[in-house]
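One structure is given below, encoded as structure tokens.
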Amino acid sequence: MLQRTRIHPAPSLRAPRRLRSLRPWTASPHSGNFRDAVLISANLGGNGDVVAATCGALAGAHYTAGTIPASWRNSLIKKQLIESTADRLPAHALLDVGG
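Start counting at 1 in the sequence shown, then tack on 5, and there's your number in our numbering.
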């Protein structure tokens, strides 16, 4: 006869705390915009800056850079460098996949 055994996931398989940054992202389709997703994540507490940066990267990829509030984009330090780097990223990605 087989015995029932309780299986506990290995610690490395448990969801890391960093996944909290995805909570606002999962809610953001309901808010429908980049700004709300980032502001919600920044106000979760803990490492709000890290959480908001992670959520912002995901939301930016989903909503596109044009949906980032202009006041946020215009206040960036080294804005031109960031934008020129972002413009070159697709070409590098295509080279990596043989395009």
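Beta carbons are placed, not taken as given, at the ideal position from N, Cα and C, and that holds for glycine.
Contacts around T72, its chain only, beta-carbon distance under 7 Å, and the 5 residues preceding and following it disregarded: Looking up residue 72 in the sequence shown gives position 67. Only N38, F39 meet the Cβ criterion.
Sequence-distant residues of its chain with Cβ nearer than 7 Å to G53 (five each side left out): Taking the sequence shown and counting its residues from 1, the one referred to as residue 53 is at position 48. Answer for G53: A47, listed in chain order.
Minimum C-alpha distance to G61 - residue among L44, G50, G51: Counting from 1 along the sequence shown, the entry for residue 61 is found at position 56. It is L44.
Option nearest P95 by Cα separation, candidates G51, V56, A66: Counting from one through the sequence shown, the residue named residue 95 turns up at place 90. When each option's Cα is compared against that of P95, the closest is A66.
Nearest-angstrom Cα separation, counted from A98 out to P74: As a working mapping, residue 74 is identified with position 69 in the sequence shown. As a working mapping, residue 98 is identified with position 93 in the sequence shown. Each residue's Cα considered, the two are about 26 Å apart.
Local conformation of S80 per DSSP, three classes: Along the sequence shown, one-based indexing puts residue 80 at 75. In the three-state scheme derived from DSSP, where H, G and I count as helix and E and B as strand, S80 is classed as coil.
G65 (DSSP reduced to helix, strand or coil): Within the sequence shown, numbered from 1, the residue matching residue 65 stands at position 60. Three-state result, G65: helix.
Within 7 Å, strictly: CB atoms of A64 and A42: In the sequence shown, the residue the question calls residue 64 occupies position 59. In the sequence shown, the residue the question calls residue 42 occupies position 37. Contact flag set, yes.
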